[in-house]
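Counting with UniProt numbering, you get residues 1 to 192 for the letters of the sequence shown. Each residue gets a CB set at the ideal place from its N, CA and C atoms; glycine is no exception. Take a look at the structure below.
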Amino acid sequence: AEGDGGEGEGEGVGGGRHVVVIGAGPCGLFAALTLARAGVRVTLCERGKPVEQRGRSIGALIKRRVLDPESNFCYGEGGAGTWSDGKLTTRIGRNSAAVRTVLETLVTFGAPQRILLDGKPHLGTDNLVRLLKGFRAELLRLGADILWDARVQSLILKGGEGGAEGEGAAEGGGGVGSAAGGGRGGGGVGCG
Numbered sequence: 001a002e003g004d005g006g007e008g009e010g011e012g013v014g015g016g017r018h019v020v021v022i023g024a025g026p027c028g029l030f031a032a033l034t035l036a037r038a039g040v041r042v043t044l045c046e047r048g049k050p051v052e053q054r055g056r057s058i059g060a061l062i063k064r065r066v067l068d069p070e071s072n073f074c075y076g077e078g079g080a081g082t083w084s085d086g087k088l089t090t091r092i093g094r095n096s097a098a099v100r101t102v103l104e105t106l107v108t109f110g111a112p113q114r115i116l117l118d119g120k121p122h123l124g125t126d127n128l129v130r131l132l133k134g135f136r137a138e139l140l141r142l143g144a145d146i147l148w149d150a151r152v153q154s155l156i157l158k159g160g161e162g163g164a165e166g167e168g169a170a171e172g173g174g175g176v177g178s179a180a181g182g183g184r185g186g187g188g189v190g191c192g
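Here it is in structure tokens:
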């Protein structure tokens, strides 16, 4: 949403449900995608920056030794593994239906087809950047809100409904923002 460091206008219906997903690492991205495809209104909160800006932050760290504490190897779109060459490790069974679904989804968003056949699939950082842009575009197309620079400070759970309070910064200025799950149809907060 404009003015709060985010993108998109969440218009999913999902029976009035609204879920806040914390973190745009692999689990958070897949949780947000699954919920958005089910018609649930999703707000994805990420402490760091989109992958393009994150790449510039990492470049500044490597070349000029300038650290952005909120956008670096640890924080930002794609999670901590984005700049670790994209090795895919499966511990629940390489041939399981769940793993196959994840790999097929990655291919849909730009991963090389070979990961569907390789015994030890590997994406590579260059492919991850393209894949993350595709993943984000699909979330926005489905009506998800994405809040960047949204560092969650605390979670408040009341009466079975959840909410998240965090500190956010829009481009050119800072501020305090919040995203709450809940409402008539229920909702919740998920960390990924």
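Using the Cβ count rule (16 or more neighbours within 10 Å means buried), how would you classify residue i?
i	result
Lys49	buried
Gly28	buried
Asp145	buried
Gly119	exposed
Ile115	buried
Val66	exposed
Ser96	exposed
Ala98	exposed
Arg17	buried
Leu117	exposed
For residue i, name the three-state secondary structure that DSSP assigns.
i	result
Thr108	helix
Asp118	coil
Thr43	strand
Ser154	strand
Ser57	helix
Thr89	coil
Ala36	helix
Ala80	coil
Gly48	coil
Gly25	coil
Note the first and the last residue of the continuous beta strand (DSSP E) segment covering residue i.
i	result
Val20	His18 to Ile22
Leu147	Asp145 to Leu147
Report yes if the C-beta distance between residue i and residue j is below 9 Å; otherwise report no.
i	j	result
Gly79	Gly134	no
Gly76	Arg41	no
Leu123	Ala137	no
Asn72	Arg54	yes
Ser84	Thr125	yes
Should residue i be flagged as near chain C, meaning a C-beta pair shorter than 9 Å?
i	result
Thr82	The chain labelled as chain C is not found in the depicted structure, where only one protein chain is given.
So, under 8 Å CB-CB, residue i and residue j are touching, yes? Tell me the CB distance rounded to an integer number of Å.
i	j	result
Glu70	Asp149	6 Å
Gly143	Ala36	7 Å
Leu44	Leu147	7 Å
Pro121	Leu132	With 8 Å as the limit, Pro121 and Leu132 do not qualify as a contact, their Cβ atoms being about 17 Å apart.
Val152	Ile58	Rounded, the Cβ-Cβ distance is 22 Å, inconsistent with contact.
Leu128	Thr82	5 Å
For the alpha helix (DSSP H) holding residue i, just list the boundary residues, first then last.
i	result
Val66	Segment: none, Val66 is in no alpha helix (DSSP H) and carries neither H nor E.
Cys74	Element bounds for Cys74: n/a, residue is neither H nor E.
Ala137	Thr125 to Arg141
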